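**Q**
2 protein chains.
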Amino acid sequence: GARKGYSLDEIVDGILKNDRVILARAITLVESNAPKHIEKAQQILNRILPYTGNSLRIGITGVPGAGKSTFIEALGSFLCNKGHRVAVLAVDPSSSITGGSILGDKTRMEKLSRDKRAFIRPSPSGGTLGGVNRKTRETMLLCEAAGYDVILIETIGVGQSEVVVRSMVDLFALLVLTGAGDELQGMKKGVMELADLIIVNKADGDNEQKAMVAKDEYNRIVHYLRPATEGWQTKALTCSAYYEKGIDRIWEEMQNFEKNTKASGVFQKRRASQIKDWIYSMIKDELEQKFFNHPQVKKVLPEIEKEVVEGRQPVTQAVQYLFEQYEKRE
Amino acid sequence: GARKGYSLDEIVDGILKNDRVILARAITLVESNAPKHIEKAQQILNRILPYTGNSLRIGITGVPGAGKSTFIEALGSFLCNKGHRVAVLAVDPSSSITGGSILGDKTRMEKLSRDKRAFIRPSPSGGTLGGVNRKTRETMLLCEAAGYDVILIETIGVGQSEVVVRSMVDLFALLVLTGAGDELQGMKKGVMELADLIIVNKADGDNEQKAMVAKDEYNRIVHYLRPATEGWQTKALTCSAYYEKGIDRIWEEMQNFEKNTKASGVFQKRRASQIKDWIYSMIKDELEQKFFNHPQVKKVLPEIEKEVVEGRQPVTQAVQYLFEQYEKRE
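So the protein lines, in turn, are chains D and W.
Read the first sequence against the working numbering and you will find it ends at 779, with the numbers running on by one and no gaps.
Read the second sequence against the working numbering and you will find it ends at 779, with the numbers running on by one and no gaps.
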């Protein structure tokens, strides 16, 4: 049917009252690339800003097959049962290419998606990592204004998506499986150093013993890595997301993390530096978009790049030439 | 005295004949920020490009006190005695701030600096990391054209200088001291994952046994990290740069690295991708310089940043406003 055109006041009030239909509509505006929608989205954000920031923002990544969806469903349900309100978002810069989207298949989180205390939003489709970054951050703010006090942000682990999610959350958890040695083959470089918690999933049945061994191994390894968060020693824990075992212990550790980092001021310091970094990364994205989408630059770049790689032109000269093309504004 | 104004032909010929005075003069042009000098430097590079690329490019970093200068002097002298010609360069983005420059105090490499088969050039002073990056890369090309077949690039380890050096070398070595556990406190995050060789220095006298233990410890740790170079397992070795012990073994390993990576094609692939990355990083640097040095942007940025951090303005809106200021070209 025809969509009702909500007024700015209606949307803001709806979000603050946690009207899920209006919240979803506001997120759609945030996800749109149309200038008219962007403008309206910014007006909404302007109004709801005072009501944001009061959640614990948790990023979750994992090696392939680690069971991220099952874990998020288990943790989300556990938290809802404890009286929390949980929003589940996703960063998936690949969804524009593959057409698929994580969390898009909601049946993967059937139980949680039926829970009225939870709000699940698939990854925005289309656009660059920078675009997904902005959309996810702004969606997070809308969810906070709607009263969700735990935000779980899943990353599919493509490209730089872990770094992007790390840059928008307070706590970052890495889901792994047993057998740290082999495991590391499938783990992206540097990901372990982003994690505040390493969670060895599928610690059940025959696998429980092996999971305990893996946990100890990870606890040894992280000792050699610099901590992801100042003043917090990264810890490995086990759980069985499928049997919902060990989730309480993980939540306890997450709360310890929040308590410690708030007491030391690291939590607040990170939030402030994250927002500054966001400004700078948006500026950089925008500058690069403008440059590399400039028709004249686009036209000459492939040949210039080839000449440089083949040693027929020095880099500085090539870059100077590209900027001469760029300054020729249409 | 008055500097002779060499012609382009004289400079190019001088470099190719390894006239050290002319090589130094060409490097001075490359290091200059004056448009006239930049233009002349690019003409020189254009001409010498066919004679570049035939060296092994080695980056060397180290934790504070690890003895980088002593090691470079020992390795450099060893290589000169084997008939190699060695150029020693440095990346030190801090030298513009502190006034000091690594390798500036040549007495630290007294022996090597007297060797006619070696060429030592202090870090260019002034400018951004991007500027230092360009200058060091172009100096490296000039040295290669002058026939230096091993280039050693020292990094002082400030800011992102290790990443920058890693991006311009074939092999990256990390110098450490005994006691990996404590050691890691002084080691920058992620640096170990950049290294192809970890060299435990000061393996002499009472310290030799401890150095062996540290070496074994590092060999265990690197097993848990993803290799810095595809198909090459990072190795830890010991040496005593002061007593020139173990340098032969390190050079052997460096040659193994070169042989292996050339056989697999990883060497060539990295060189090609490094030059592409250089183009893109120069473009990004230039775009950011232009933006953040724009008078109107400079004027409003501090206040805008403050408003955003304090939650009084949404990020996207702030960035849009900054771009409106930027588009107001003077």
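In this text, a Cβ means the ideal position worked out from N, Cα and C, and glycines have one as well.
Please read all numbers here as calculations on a predicted model, not as lab measurements.
Helix, strand or coil for residue 546(D), going by three-state DSSP, please let me know.
**A** Looking up residue 546(D) in the first sequence gives position 97. Low per-residue confidence applies at residue 546(D): pLDDT is 47, beneath 50, and the placement is therefore not dependable, though the value from the model is reported in the following sentence. In this structure, residue 546(D) counts as helix in the three-state DSSP scheme.
**Q** Along the chain, where does the alpha helix (DSSP H) that runs through residue 612(W) open and close?
**A** By one-based count along the second sequence, residue 612(W) stands at place 163. Taken as a continuous stretch (DSSP letters only), the alpha helix (DSSP H) holding residue 612(W) covers 610-615.
**Q** Unbroken alpha helix (DSSP H) runs of length 4 or more, entirely within the region 637-707 of chain D: which are they?
**A** Listed in chain order, the complete alpha helix (DSSP H) runs (minimum 4 residues) inside the region 637-707 of chain D are 657-672.
**Q** Using a Cβ-Cβ distance cut-off of 8 Å, determine whether residue 740(D) contacts chain W.
**A** Against the first sequence, residue 740(D) aligns to sequence position 291. At least one chain W Cβ lies under 8 Å of residue 740(D).
**Q** Could you tell me whether the Cβ of residue 673(D) comes closer than 8 Å to any Cβ of chain W?
**A** The residue you call residue 673(D) lines up with position 224 of the first sequence. At least one chain W Cβ lies under 8 Å of residue 673(D).
**Q** With C-beta atoms as the reference, is residue 618(W) less than 8 Å away from residue 508(W)?
**A** Along the second sequence, read from residue 1 onward, the residue named residue 618(W) stands at position 169. Along the second sequence, read from residue 1 onward, the residue named residue 508(W) stands at position 59. For the pair residue 618(W) and residue 508(W), the CB atoms are nearer than the 8 Å cut-off.
**Q** List the residues of chain D whose Cβ lies closer than 7 Å to the Cβ of residue 513(W), in chain order.
**A** To locate residue 513(W), count along the second sequence from 1; it is residue 64. Result: empty, since nearest Cβ-Cβ is about 16 Å, beyond 7 Å.
**Q** Is residue 650(W) buried or exposed, if buried means 16 or more other CB atoms sit within 10 Å of its CB?
**A** In the second sequence, residue 650(W) corresponds to position 201, counting from 1. Per the 10 Å Cβ criterion, buried.
**Q** On the three-pair Cβ rule with 8 Å, is the region 695-712 of chain W touching the region 717-728 of chain D?
**A** no
**Q** Output needed for residue 585(D): all residues of its chain with C-beta closer than 6 Å, excluding positions within five of it in sequence on either side, in chain order.
**A** For this step, residue 585(D) is matched to residue 136 along the first sequence. These residues qualify, in order along the chain: 538 and 540.
**Q** Taking all protein chains shown into account, do 16 or more other C-beta atoms lie within 10 angstroms of the C-beta of residue 687(W), making it buried, or fewer, making it exposed?
**A** Within the second sequence, the letter at position 238 stands for residue 687(W). Classification for residue 687(W): buried.
**Q** Three Cβ pairs or more, each shorter than 8 Å: is that satisfied between the region 591-599 of chain D and the region 480-487 of chain D?
**A** no
**Q** Are the beta-carbon atoms belonging to residue 615(W) and residue 643(W) less than 8 Å from one another?
**A** Taking the first residue of the second sequence as position 1, residue 615(W) is located at position 166. Taking the first residue of the second sequence as position 1, residue 643(W) is located at position 194. Contact flag set, yes.
**Q** Closer than 8 Å is the cut-off here; do at least three beta carbon pairs connect the region 705-720 of chain W with the region 736-746 of chain W?
**A** no
**Q** Give me, in chain order, the residues of the same chain whose beta-carbon lies closer than 8 Å to that of residue 520(D); leave out the 5 immediate sequence neighbours on both sides.
**A** Counting from one through the first sequence, the residue named residue 520(D) turns up at place 71. Here the set comprises 509, 511, 624, 648, 650, 688 and 690.
**Q** CB-CB under 7 Å to residue 546(D), same chain, minus the five flanking residues each way: which ones, in chain order?
**A** Looking up residue 546(D) in the first sequence gives position 97. Bear in mind that a pLDDT of 47 at residue 546(D), under 50, signals an unreliable position, so the number given afterwards is only what the model happens to contain. Excluding sequence neighbours, residue 546(D) sits near nothing in its chain.
**Q** According to a CB-to-CB cut-off of less than 8 Å, which residues of the region 720-748 of chain D neighbour chain W?
**A** 721, 724, 725, 727, 728, 731, 732, 733, 735, 736, 737 and 740
**Q** Who are the Cβ neighbours of residue 682(W) in its own chain at under 7 Å, not counting the five residues just before and after it?
**A** Walking along the second sequence from the start, residue 682(W) turns up at place 233. Excluding residues within five positions, the ones whose Cβ falls inside 7 Å are 676.
**Q** Closer than 7 Å between beta carbons: that is the criterion. Which residues of the region 652-678 of chain D meet it against chain W?
**A** 670, 673 and 675
**Q** When we look at the beta-carbon of residue 678(D) and count the other beta-carbons within 10 Å, is it buried (16 or more) or exposed?
**A** By one-based count along the first sequence, residue 678(D) stands at place 229. When all chains shown are included, residue 678(D) counts as buried.
**Q** Run through DSSP, which three-state label would residue 626(D) get?
**A** For this step, residue 626(D) is matched to residue 177 along the first sequence. In the structure shown, residue 626(D) sits in coil (DSSP, three-state: anything other than H, G, I, E or B).
**Q** Would residue 583(W) pass as an interface residue toward chain D - the criterion being a Cβ-Cβ separation below 8 Å?
**A** By one-based count along the second sequence, residue 583(W) stands at place 134. Cβ-Cβ to chain D under 8 Å: yes for residue 583(W).
**Q** Between 770(W), 610(W), 735(W) and 656(W), which has its C-alpha nearest residue 572(W)'s C-alpha?
**A** In the second sequence, the residue the question calls residue 572(W) occupies position 123. Among 770(W), 610(W), 735(W) and 656(W), the Cα nearest to that of residue 572(W) belongs to 610(W).
**Q** Under 8 Å between C-beta atoms, does residue 494(D) make it to chain W?
**A** Here residue 494(D) corresponds to residue number 45 of the first sequence, with the count starting at 1. It does; some Cβ of chain W falls within 8 Å.
**Q** What does residue 491(D) reach in chain W if we use C-beta pairs closer than 8 Å?
**A** By one-based count along the first sequence, residue 491(D) stands at place 42. 763, 765, 766 and 769, listed in chain order.
**Q** Would residue 516(D) count as contacting chain W if we go by Cβ distances under 8 Å?
**A** As a position in the first sequence, residue 516(D) is number 67, starting the count at 1. Not one chain W Cβ lies under 8 Å of residue 516(D).
**Q** Determine, for residue 573(W), whether the minimum Cβ-Cβ distance to residues of chain D falls below 8 Å.
**A** Numbered from its first residue, the second sequence carries residue 573(W) at position 124. Chain D contact via Cβ: absent.
**Q** Establish whether the CB of residue 621(D) and some CB of chain W are separated by less than 8 Å.
**A** Within the first sequence, residue 621(D) is the residue found at index 172, counting from 1. Answer no: the Cβ-Cβ gap between residue 621(D) and chain W never drops below 8 Å.
**Q** Name the DSSP bridge partner or partners of residue 773(W)?
**A** Locating residue 773(W) in the second sequence gives position 324, counting from the first residue. According to DSSP, which records beta bridges pairwise, residue 773(W) is partnered with nothing at all.
**Q** Near residue 749(W), what residues of its chain come up, given a Cβ to Cβ distance below 8 Å and the 5 sequence neighbours on each side ignored?
**A** Within the second sequence, residue 749(W) is the residue found at index 300, counting from 1. So the qualifying residues of the chain are 770, 771 and 774.
**Q** With the cut-off set at 8 Å, would you say residue 654(D) and residue 601(D) are in Cβ contact?
**A** Position 205 of the first sequence, counting from 1, holds the residue named residue 654(D). Position 152 of the first sequence, counting from 1, holds the residue named residue 601(D). For residue 654(D) and residue 601(D), no; Cβs fall outside 8 Å.
**Q** Would you say residue 499(W) reaches chain D, if we count a Cβ-Cβ gap shorter than 8 Å as a contact?
**A** Here the question's residue 499(W) lines up with position 50 in the second sequence. Yes, because at least one Cβ of chain D sits closer than 8 Å to the Cβ of residue 499(W).
**Q** So, are the CB atoms of residue 578(D) and residue 736(W) less than 8 Å apart?
**A** Mapped onto the first sequence, residue 578(D) falls at position 129. Mapped onto the second sequence, residue 736(W) falls at position 287. A distance of 8 Å or more separates the beta carbons of residue 578(D) and residue 736(W).
**Q** Return no unless some Cβ of chain D is closer than 8 Å to the Cβ of residue 714(W).
**A** Position 265 of the second sequence holds residue 714(W). Residue 714(W) does not count as touching chain D.
**Q** Just how far apart, CA to CA, sit residue 599(W) and residue 534(W)?
**A** Stepping through the second sequence from its first residue, residue 599(W) is reached at position 150. Stepping through the second sequence from its first residue, residue 534(W) is reached at position 85. Roughly 6 Å between the two C-alpha positions.
**Q** Starting from residue 502(W), find everything on chain D with Cβ-Cβ shorter than 9 Å and list it in chain order.
**A** Start at 1 with the first residue of the second sequence, and residue 502(W) comes out as number 53. Correct list: 760.
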